[in-house]
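Number of protein chains: 2
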Amino acid sequence: MRGAVLYGPRDVRFEEVAAPAIIKPTDAIIRMSATCVCGSDLWPYRGANPVNQPTPMGHEYCGIVEEVGRAVTSVKPGHFVIGSFFASDNTCPNCLAGYHSSCQHRELVGGAQAPLLRVPLADGTLVATPVVPSDDLLPSLLTLSDVMGTGWFAAEAANVQPGKTVAVVGDGAVGLLAVLSAKQMGAGRIIAMSRHESRQKLALEFGATEIVTERGDEGVARIKELTKDIGADSVLECVGTQESMMQAILSTRPGGSVAYVGAPHGVELKGEELFYTHVRLHGGPAPVRRFLPNLVELVLKGKINPGKVFDLTLPLDNVSEAYRAMDERRAIKSLLHP
Amino acid sequence: MRGAVLYGPRDVRFEEVAAPAIIKPTDAIIRMSATCVCGSDLWPYRGANPVNQPTPMGHEYCGIVEEVGRAVTSVKPGHFVIGSFFASDNTCPNCLAGYHSSCQHRELVGGAQAPLLRVPLADGTLVATPVVPSDDLLPSLLTLSDVMGTGWFAAEAANVQPGKTVAVVGDGAVGLLAVLSAKQMGAGRIIAMSRHESRQKLALEFGATEIVTERGDEGVARIKELTKDIGADSVLECVGTQESMMQAILSTRPGGSVAYVGAPHGVELKGEELFYTHVRLHGGPAPVRRFLPNLVELVLKGKINPGKVFDLTLPLDNVSEAYRAMDERRAIKSLLHP
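Here the protein sequences line up with chains A and B, keeping their order.
Numbering-wise (this note's numbering), the first sequence opens with residue -2 and increments by one.
Numbering-wise (this note's numbering), the second sequence opens with residue -2 and increments by one.
Written as structure tokens, this is what we have:
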């Protein structure tokens, strides 16, 4: 089969790779219904993370179970399933506490930008839908594998409460879905920080009540202005840079909450500065598996339509253009059909 | 009058200072019943914070109201009162949210190691007891001005829950009172990290169920060992160094909470490292004022006896020995009688 392989900065190739096989009895093989490019794929694509060897890409997936190992009992060939980018056993103390992405047996899923994918710990990782969904639901269901669950975690980790004021730093797919999540949780005001028209539009559609285009210190000043000099109750940091992190922290009221869900790159927090902000800080790789059953239901019932973040759809063999369009910010997120 | 003035590292003098006077109509003057030396006073005493000019010392206080400004309505001369080291109006949005130490009009109280003290924003800051308490209650009531409230905030900010596992990093007065607070909140296991016999003893008396003497990475390993490799649910960081902060963070389970209440000195948190720990982080200067009414009641009813942290009592004019004994760790905390 052919899949996407990253060789170095801006060098992603669609080439022959080995088809995955069951390695452990707890594995499953999925035939991809749809896959996509993640904002986090852009870190190595842009050279911000080193690429030490040709690396099969992709960690967002949904599809039909093709084959299962002999120990797998909860999913069967023919089931439509979605899973997180971290495989997890769903039974260890960390999973039971809701932190599946810190599962004691977690494994990163990789190589999803291909027609077939091996998913470890299939019983713990995969959630099957009651029936095979229609094609129009695929984009929304696919987002549950990562970006939607990550946006949801941001809102939850930042303790979004009904009627309260939320600010979202970052207008990528995760930031936009953090807006949608805050809306679902009943936030009163949702301030989206974005300077791109198409993203502002989608933020408003997802429930943002205000748009702030300023960044950094000016962005902080604007949030303070909008909140009577107090700061937002919850700020959702969906980027991962030093600037976005400090913008989030300094935009938050004392006792308020900052969630950070974008893998930090070069972020350093000074203890003294953090101390006097009085903020609550929580984040990390989203425990997407925790939210999957609920989010699948919301999608199947038509209550949320997170698939709108896909503004570019391409055949999988054009994966290099999918990366380029996101890198150049021509696309919010690229969906790929195998 | 004479009061304690810090001139430089290990040079604290008891010397003639100007008696305080009402400056603003919201001020009160307190005649000190008891005062003390704080662990945080040791930072400048040891030269870790610069001393740019002779500085009147002390910020923990309780005593009898001597005089009030014309705008003060809630306390009167003759009342016995306690207040926090941060004066606060108790009416601004940050106070109403419980973050009095981020009050929009906050002022640091200073010069409490003296017979008389000016307290700004008296109505918001001071809490009066129903009657003037007997002398035996003075040590415990005095701790409510800072260390007891700070220990309580640590336990609250780390989300201590009934039956859960708590670890406390730091065996100073705040750490010991964090143990007491966790006990009051119903913690199931309380692991005190201490290598000093007298402090271990007090920790056990306050409710610690286990003592861990290891520090740093070894301390982390020991906590993991005691918690089936998961980490504690709540870790209370009561020191403020890089080592103690990382010890606290790495001892916490994914999804668990770290509170940090010791003013950080040279602490830098790497975003990447923090991200993958999945901990919740909250802290800052304790909003002691929020807890005062409840804590005063607990002391007056004899339910808590935080005054036990004072293992040295001296006349105020021997304040230099009070500092020395704490600096050399001969005393946990020194109480001073004016």
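In this text, a Cβ means the ideal position worked out from N, Cα and C, and glycines have one as well.
Contact between G185/B and C235/B is absent: CB atoms are separated by about 20 Å, not below the 8 Å threshold.
Counted as a single uninterrupted DSSP element, the stretch harbouring Y96/A is not any alpha helix (DSSP H), since DSSP gives it neither H nor E.
Per the DSSP secondary-structure output, C59/B pairs in a beta bridge with A31/B, I79/B. When F150/B, I61/B, A25/B are compared, the shortest CA-CA separation from V106/B is found for A25/B. In terms of beta-carbon proximity, V128/A stays away from the interface with chain B, with every pair separated by 8 Å or more. Here A111/B is not near V72/B, since their CB atoms are 8 Å or more apart. At a cut-off of 8 Å between beta carbons, L266/A contacts chain B. Chain order gives the chain B residues near F272/A as Y257, A260, P261, G280, G281, P282, where near means a beta carbon separation below 8 Å. Apart from sequence neighbours up to five positions away, the residues of its chain that approach H193/B with a beta-carbon distance below 8 Å are D168, R326, ordered along the chain. Among the CB atoms of chain A, one or more fall inside 8 Å of the CB of A94/B. When beta bridges are read from the DSSP output, I26/A appears opposite E64/A, R115/A.
Contact annotation: the segment 199 to 214 of chain B does not touch the segment 150 to 158 of chain B, with fewer than three C-beta pairs closer than 8 Å. Taken in chain order, the complete beta strand (DSSP E) segments of 3 or more residues contained in the segment 142 to 216 of chain B are 162 to 166, 186 to 190, 207 to 209. Between the alpha carbons of Q244/A and N87/A lies a distance of about 35 Å. For L123/A, the secondary structure class from DSSP, reduced to helix, strand or coil, is coil.
Between T122/B and S81/B a beta carbon distance of about 6 Å is seen, short of the 8 Å cut, so the two are scored as contacting. The beta carbon of I19/A sits no closer than 8 Å to any beta carbon of chain B. Per DSSP, reduced to three states, the secondary structure at K267/B is strand.
When C-alpha distances from P51/B are compared across V144/B, H279/B, M182/B, Y42/B, the shortest belongs to Y42/B.
Cβ neighbours of P282/A within its own chain (closer than 6 Å, five residues either side excluded): S98.
R10/B does not reach chain A, its nearest Cβ partner there being about 28 Å away, counting only Cβ pairs nearer than 8 Å. P90, N91, A94, G95, Y96, S98, S99, Q101: these are the residues of the segment 82 to 110 of chain B whose beta carbon lies less than 8 Å from some beta carbon of chain A, given in chain order.
Listed in chain order, the positions of the segment 275 to 309 of chain B with a beta carbon within less than 9 Å of a beta carbon of chain A are H275, V276, R277, L278, H279, G280, G281, P282, P284.
Using a Cβ distance threshold of 8 Å, Q239/A and V258/A do not count as a contacting pair.
The DSSP-derived three-state label of E294/A is helix. With fewer than 16 other beta carbons inside 10 angstroms of its own, D133/B counts as exposed. Within the same chain, Cβ atoms closer than 8 Å to the Cβ of M182/A are found at A152, E153, V157, Q158, P159, the five residues on either side in sequence being excluded. Contacts with chain B at 8 Å (Cβ-Cβ) do not include P41/A.
Secondary structure note for T249/B: its beta strand (DSSP E) is the uninterrupted segment 249 to 257. In this structure, DSSP gives D308/B a state outside helix and strand, which the three-state scheme calls coil. With respect to the C-alpha of H56/B, the residue from L93/B, P6/B, F83/B having the closest C-alpha is F83/B. With 16 or more neighbouring CB atoms inside 10 Å of its own CB, R287/B falls in the buried class. Just so you know, the alpha carbons of T274/B and S254/B end up roughly 11 Å apart. Each residue's CA atom was taken as its position, placing I227/B and G148/A some 26 Å apart. In terms of CA proximity to F203/A, V306/A leads the group L139/A, V306/A, E211/A. CA-to-CA, the gap between P47/B and P284/A works out to about 44 Å.
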